[in-house]
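Residue numbers (the numbering used here), protein chains in the order written: chain A, 7 to 314; chain V, 868 to 1139.
These notes are about the structure you will find just below.
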Ligand SMILES: Nc1ncnc2c1ncn2[C@@H]1O[C@H](COP(=O)(O)OP(=O)(O)OP(=O)(O)O)[C@@H](O)[C@H]1O
Ligand SMILES: [Mg+2]
């Protein structure tokens, strides 16, 4: 049974589109006030999962509870307490920035005065105050994204679902958003985030799952995932103008990933591994030793780099 | 935050909540008001132009050469036909590109469906909006008709709801169609193969008796014919209540079927 704390509770949650299984029986719990991430390569089923949680897409099988309610019967009540940043913007391009917030707030039946007051704060946060009366259409992609995020907050949701919120944002805007998300989290808002940026996931998520082909390949806090699925250190070798010599390196470290432009050797002692490389007479153009990151977890679980 | 919630809570307790479908209507009104000037002029100019060109211009020619049509001057004959046909056009145009845009281009419906609104609210709000447009169109038309002296019966007031119903029957069917489309090519086909022939052949411009016999059942099967027939009887007076009842039953049945169909097709398209 769903625990009392669970804001979202899923068992065997599945989504099929005809013959295609987009989400294949996944289980997860997300606690109140937690910030929870979904990672995975393109087509892993992240957006399909977000849309089911947001009560916009009916599940094909399994059980799902959101905010203690059943999306099948309580969709409007649940959505009334959710803020959704969809992967594709759905802003009204002909209207002004401010009108987009006003209209969206009105869907929640909030009084005009309340929305206007919130809009002022939200536009300041999204750094769009100066553009409040401009039409949305000519805004840059990143500005539209920021407006979509501001719009999702207009109803002051208990649960915020962000599907690739920072795609298209410049680094400054990303950090600003992270900062804002920390603040929301400290106010008790539950965050569910999908992202392709591992640094973002490490920064923001208390816990996360890595999805691949509709299934959950691993789950846990970022640090635990790194401990479990990667070595302490990674030796990166670069070979300019030559194919990486994968064969010659076989057996060094715990695992080797040969990528088009570089070779990653997973070892708890990176320097030591480099010694072995030199002993074998292999001379990379450049090398470095770094700590393992979520990126390595992702690579080892899905066999894919982030930029497919 | 508390104050916000409180005000909201108080409003809620007072039952100030607006029904969800009306929130959708409010959105349409809001966006419409941004462009109302141009739309308002066209919606007022169109009847004047049509009545002047078709009724007065063409009418004087016809009256001169053939005399009256169905015992009235041509302007009086054609005006209620144009009223019903304009309702069709307004309803159709508001149910093609705007619906496609809200599904594919601007994705307004998805924005709505991420909030407490549901597909039935989105759809009802859409129809409420089309109805609003039809009210404006029909009232304007009737006003212009009265000014042109073509209204011969107090029952003409009922031509307004009739025109609205005629428009809604098209709106329901075309909205359902729009919800199945991936691009706007189908709309050109609907206009060319459907609306324009209907406009020309559904007794709008001449009595159906002028058509070859084999086309009568065809004309009779179209909603526009029944809308025109009803509007004409109501503005000219001399209502044949049996055929009026039949027109009404036909329009109500078709509209209901169209609404049910669009409910299904909207859900199939928007909730996947
Ligand atoms: N409406 C739909 N109809 C048919 N198939 C769909 C639909 N939506 C998603 N899919 C399929 O479901 C699978 C999972 O898609 P989903 O959008 O959930 O992936 P994702 O993890 O969000 O990917 P990305 O990182 O690219 O956003 C894909 O194979 C996709 O083609
Ligand atoms: Mg996605």
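We put the CB at the ideal spot given by N, CA and C, even for glycine.
Same chain, Cβ closer than 7 Å to residue i, five either side skipped, listed in chain order
| i | result |
| --- | --- |
| residue 236 of chain A | 272, 298, 302, 303, 306 |
| residue 155 of chain A | 91, 132, 171, 183 |
| residue 228 of chain A | 207, 208, 211, 214, 300 |
| residue 179 of chain A | 148, 152 |
CB contact flag (residue i, residue j, <8 Å)
| i | j | result |
| --- | --- | --- |
| residue 58 of chain A | residue 65 of chain A | yes |
| residue 139 of chain A | residue 99 of chain A | no |
| residue 187 of chain A | residue 300 of chain A | no |
| residue 1043 of chain V | residue 1125 of chain V | yes |
| residue 120 of chain A | residue 163 of chain A | no |
| residue 954 of chain V | residue 922 of chain V | no |
| residue 43 of chain A | residue 214 of chain A | yes |
| residue 60 of chain A | residue 167 of chain A | yes |
| residue 28 of chain A | residue 46 of chain A | no |
| residue 153 of chain A | residue 97 of chain A | yes |
| residue 293 of chain A | residue 243 of chain A | yes |
| residue 258 of chain A | residue 240 of chain A | no |
| residue 37 of chain A | residue 13 of chain A | yes |
| residue 1078 of chain V | residue 1086 of chain V | yes |
| residue 308 of chain A | residue 218 of chain A | yes |
| residue 912 of chain V | residue 1009 of chain V | no |
| residue 1139 of chain V | residue 986 of chain V | no |
Rounded straight-line distance, which links the Cα of residue j to that of residue i
| i | j | result |
| --- | --- | --- |
| residue 1047 of chain V | residue 1053 of chain V | 10 Å |
| residue 295 of chain A | residue 275 of chain A | 9 Å |
| residue 127 of chain A | residue 102 of chain A | 16 Å |
| residue 290 of chain A | residue 260 of chain A | 19 Å |
| residue 1033 of chain V | residue 1109 of chain V | 18 Å |
| residue 890 of chain V | residue 983 of chain V | 11 Å |
| residue 927 of chain V | residue 941 of chain V | 8 Å |
| residue 1029 of chain V | residue 1098 of chain V | 7 Å |
| residue 145 of chain A | residue 253 of chain A | 51 Å |
| residue 1073 of chain V | residue 1003 of chain V | 26 Å |
| residue 1092 of chain V | residue 1069 of chain V | 5 Å |
| residue 55 of chain A | residue 63 of chain A | 9 Å |
| residue 1133 of chain V | residue 975 of chain V | 13 Å |
| residue 1118 of chain V | residue 11 of chain A | 54 Å |
Close Cβ partners of residue i (< 6 Å) along its chain, the five nearest in sequence each way excluded
| i | result |
| --- | --- |
| residue 1071 of chain V | 948, 952, 1095 |
| residue 312 of chain A | At residue 312 of chain A, the pLDDT of 46 sits below 50, so the modelled position is not reliable; the number obtained from the coordinates is stated separately. Excluding sequence neighbours, residue 312 of chain A sits near 202. |
| residue 1102 of chain V | 947, 1018, 1023, 1026 |
| residue 93 of chain A | 53, 169, 170 |
| residue 1122 of chain V | 1035, 1036, 1039 |
CB contact check: residue i to chain A, cutoff 8 Å
| i | result |
| --- | --- |
| residue 869 of chain V | Residue placement at residue 869 of chain V is flagged as unreliable, the pLDDT there being 43, under the threshold of 50; the coordinate-derived value follows with that caveat. No, because no Cβ of chain A sits closer than 8 Å to the Cβ of residue 869 of chain V. |
| residue 984 of chain V | yes |
| residue 1041 of chain V | no |
| residue 899 of chain V | no |
| residue 893 of chain V | yes |
| residue 1131 of chain V | no |
| residue 1116 of chain V | no |
| residue 975 of chain V | yes |
| residue 1135 of chain V | no |
Closer than 7 Å at the beta carbon, the chain D residues around residue i
| i | result |
| --- | --- |
| residue 980 of chain V | The chain labelled as chain D is not found among the protein chains of the depicted structure, namely A and V. |
Min CB distance residue i to chain V below 8 Å
| i | result |
| --- | --- |
| residue 110 of chain A | yes |
| residue 148 of chain A | no |
| residue 140 of chain A | no |
| residue 81 of chain A | yes |
| residue 236 of chain A | no |
Same chain, Cβ closer than 8 Å to residue i, five either side skipped, listed in chain order
| i | result |
| --- | --- |
| residue 961 of chain V | 996, 997, 1000, 1038 |
| residue 1051 of chain V | 963, 964, 967 |
4-residue-minimum alpha helix (DSSP H) runs that sit fully inside the segment 1048-1081 of chain V, ordered along the chain: Within the segment 1048-1081 of chain V, the complete alpha helix (DSSP H) runs of at least 4 residues are 1052-1056, 1063-1068.
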